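Protein chains in written order, with the numbering used here: chain G, 61 to 155; chain E, 61 to 155. The beta carbon of each residue, even a glycine, is placed where N, CA and C say it ideally should be. For clarity, every value in this text was computed on a predicted model and none was experimentally measured. Scroll down for the structure; my scribbles are underneath it.
2 protein chains.
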Amino acid sequence: MDFRELMEAKYRHILEKYINDPSEQVLYQGQKFSRKSIEHRISPEEIISLHKTLMNEMYPELPEEVSLSFDMLLEVMLGYGLAYRELQSLRHKQQ
Amino acid sequence: MDFRELMEAKYRHILEKYINDPSEQVLYQGQKFSRKSIEHRISPEEIISLHKTLMNEMYPELPEEVSLSFDMLLEVMLGYGLAYRELQSLRHKQQ
């Protein structure tokens, strides 16, 4: 398993856990997951895309409007990912 | 109306439009919205939070698992917002 596969399995695990039994503790696992993903240069738009895929897999009856709403969210997050990578590249040039 | 209110109205408008009639054109409006939000220092976690609020308002019958899933997504995006702000602050120090 490479990091992306591991990451997907991990996110699925905490997402399912939280939906079945919401708690601060599981949200905290989300924080840790976030730090690891950033370290491994996973972009924010990849997170939205993974979230959409998992929700569709976990809930095949998911209303169409929810699935479509993720497409718009993904489009918006693409801009954030781009801005982050631009900032990183500017920083590297300055170093 | 301050920028945040305008932004919320704008996102609601394009989200509704896309869900009712999905097209590349509306997604492109999402791209423009994203650029404006970044310029106005709206964080990625604020976008997720707004998305959740709007989906709950637009679809009061939204399944509980969808609403809960947004909480986990928000938690993960918080880390991305933090990383972005750290990078920005490092860059300002270097300038």
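At the 8 Å Cβ level, is residue i part of the contact set with chain G, yes or no?
i      : result
E/E156 : With chain E running from 61 to 155 in the structure shown, residue 156 of chain E is simply not present.
E/R151 : yes
E/H73  : no
E/A143 : yes
E/D81  : no
Can residue i and residue j be called in contact, C-beta distance under 8 Å?
i      : j      : result
G/I79  : E/E125 : yes
E/M61  : G/P104 : no
E/E151 : G/L150 : One point to set straight first is that residue 151 of chain E is Arg, not Glu, in the sequence displayed. Contact flag set, yes.
G/G139 : E/I98  : yes
What's the C-alpha gap between residue i and residue j?
i      : j      : result
G/S127 : E/Q154 : 42 Å
E/L66  : E/E135 : 25 Å
E/M115 : G/E76  : 20 Å
G/D81  : G/H111 : 18 Å
G/E146 : E/E146 : 14 Å
G/S109 : E/K70  : 23 Å
E/I107 : E/F63  : 14 Å
E/K96  : G/Y119 : 33 Å
E/P123 : E/Q148 : 37 Å
E/T113 : G/T113 : 21 Å
Does the beta carbon of residue i sit closer than 8 Å to a beta carbon anywhere in chain E?
i      : result
G/F63  : no
G/M137 : yes
G/H111 : yes
G/L66  : no
G/R101 : no
G/P120 : no
G/Q85  : no
Using the rule of at least 16 other Cβ atoms within 10 Å of the residue's Cβ for burial, across every protein chain shown, is residue i buried or exposed?
i      : result
G/E121 : exposed
G/L94  : One detail in the question is off: residue 94 of chain G reads as Ser in this sequence, not Leu. Classification for G/S94: buried.
G/H100 : exposed
G/A143 : buried
G/S83  : exposed
Regarding residue i and the ligand COA, is the C-beta to nearest heavy atom distance less than 7 Å?
i      : result
G/M132 : No copy of the ligand COA occurs in the structure displayed, which carries no ligand at all.
Exercise for review: Mind the definition here: the stretch 130-137 of chain E touches the stretch 75-91 of chain E only if three or more C-beta pairs lie below 8 Å; say whether that holds.
Suggested key: Between the stretch 130-137 of chain E and the stretch 75-91 of chain E there are fewer than three inter-stretch CB-CB distances shorter than 8 Å, so the stretches are not counted as touching.
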